[in-house]
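Note sheet for the following structure.
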Amino acid sequence: MTREVGDIAAALAYQVKKEIAQNFFGTRRALEEEKEELQREKEELLKEWEEKVLPFLRKIRLLLKGEEEGRAFLALIGEKALAGQREQDEGEALPKAGPSLPLPPFAWTRKSKYQKYLLALYRAAEAEARALEERFQALVTKGKLFNEDLTHFNTSFSLSEILSLTSALKEVDDAKCVLGENCEPEAVPHLEEKLRLTPLNLDESSLPYLPPLKTILKPLKELIRGAFRKYGEEIEAVWPSGFVGPGRK
Numbered sequence: 004m005t006r007e008v009g010d011i012a013a014a015l016a017y018q019v020k021k022e023i024a025q026n027f028f029g030t031r032r033a034l035e036e037e038k039e040e041l042q043r044e045k046e047e048l049l050k051e052w053e054e055k056v057l058p059f060l061r062k063i064r065l066l067l068k069g070e071e072e073g074r075a076f077l078a079l080i081g082e083k084a085l086a087g088q089r090e091q092d093e094g095e096a097l098p099k100a101g102p103s104l105p106l107p108p109f110a111w112t113r114k115s116k117y118q119k120y121l122l123a124l125y126r127a128a129e130a131e132a133r134a135l136e137e138r139f140q141a142l143v144t145k146g147k148l149f150n151e152d153l154t155h156f157n158t159s160f161s162l163s164e165i166l167s168l169t170s171a172l173k174e175v176d177d178a179k180c181v182l183g184e185n186c187e188p189e190a191v192p193h194l195e196e197k198l199r200l201t202p203l204n205l206d207e208s209s210l211p212y213l214p215p216l217k218t219i220l221k222p223l224k225e226l227i228r229g230a231f232r233k234y235g236e237e238i239e240a241v242w243p244s245g246f247v248g249p250g251r252k
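Residues in the sequence shown are numbered consecutively from 4, following our numbering.
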């Protein structure tokens, strides 16, 4: 009878250990997958920024023509906004990604048309940037909740105890996915490092910041007027189709 009780107690103890290990590795796998998904969403937002915002800013820089004017524009909006831009030919068209190109504005003079057009391009870029920023902030909130869940998970389990359990168990498949087929502590160096999940880093400044037009309107207008004075004829050569029409300089 005593032996039977001992066998039952051993079986129950084994089952408890197995459930603890399965709970740990199952939860860990779910957290790892969630972290990967959040990181993927962040990368997609950064890619969308490049596809939907950056082309408008590059078009503005192209139409400003001069290197000095380009640097001045970059200083206005911040270097990060145009980071990673590719070299382009003067005749390069605005990529199809993103919103439609603003229609040629009405104005009595070509100089005024030029200014209105560049401002329309910036407004289009700003609208896209604001929409992406809202989505990114929602992602940051999800990231903070994930980190809270991860902190709770880390404080609920002792990694050394989990390693001790897995060395005695042979039926926890999730453990093998993380530690390898051989879960003996002495067989796999730095097992605790392999088990430990790090917090998600979603820096709130990760998405490029584009200043609102109202905050840079005056210096941007001055920059546009100066560019037209210096490069009027060259600028007209790369204006969009339909932009140049009746009007005085």
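Ideal Cβ positions, reconstructed from N, Cα and C, are used throughout, including at glycine.
For ILE80 and LEU213, believed in contact at Cβ under 8 Å, the rounded distance: So it is a contact: roughly 6 Å between Cβ atoms.
Whole-angstrom distance between LYS145 and LYS55, CA atom to CA atom: The C-alpha of LYS145 is placed about 24 Å away from the C-alpha of LYS55.
Cβ-based burial, ALA96 [other Cβ within 10 Å; buried from 16]: Bear in mind that the predicted position of ALA96 carries a pLDDT of just 45, short of 50, making it unreliable; the figure below should be weighed with that in mind. Around the beta-carbon of ALA96, fewer than 16 other beta-carbon atoms lie within 10 Å, marking it exposed.
Considering only C-alpha positions, which residue in the set GLU36, ASN26, ILE23 and LYS21 is nearest to LEU203? GLU36
By the 10 Å Cβ neighbour count, where 16 or more other Cβ atoms means buried, how is ARG133 classified, buried or exposed? exposed
Does the distance from the C-beta atom of ILE238 to that of GLN118 stay below 8 Å? Not a contact, by the Cβ cut-off of 8 Å.
Counting contacts by CB-CB distance shorter than 8 Å, is LEU121 in contact with chain C? The structure shown contains no chain C; it is built from a single protein chain.
Would ILE63 pass as a contact of LEU124 if the rule is Cβ separation under 8 Å? yes
Can you round the beta-carbon distance between ALA128 and LEU60 to whole angstroms, since I take them to be within the 8 Å contact cut? 6 Å
Residues in its own chain within less than 7 Å of GLY73 by CB, not counting five upstream and five downstream? ARG64 and LEU67
Anticipated Cβ contact below 8 Å, PHE156 with LEU34, distance rounded: 6 Å
Best match in LYS233, ALA230, GLU225 and SER209 for proximity to GLN42 [C-alpha to C-alpha]: SER209
Using the Cα positions of ASP92 and GLY69, report the straight-line distance between them to the nearest angstrom. Model confidence at ASP92 stands at a pLDDT of 40, short of 50, so the residue's coordinates are unreliable and nothing is read from them.
Whole-number beta carbon distance between LEU48 and LEU135, since they are thought to touch under 8 Å: 6 Å
Taking a contact to mean a Cβ-Cβ separation below 8 Å, would you say PHE28 touches PHE160 in this structure? For the 8 Å CB-CB criterion, PHE28 and PHE160 do not form a contact.
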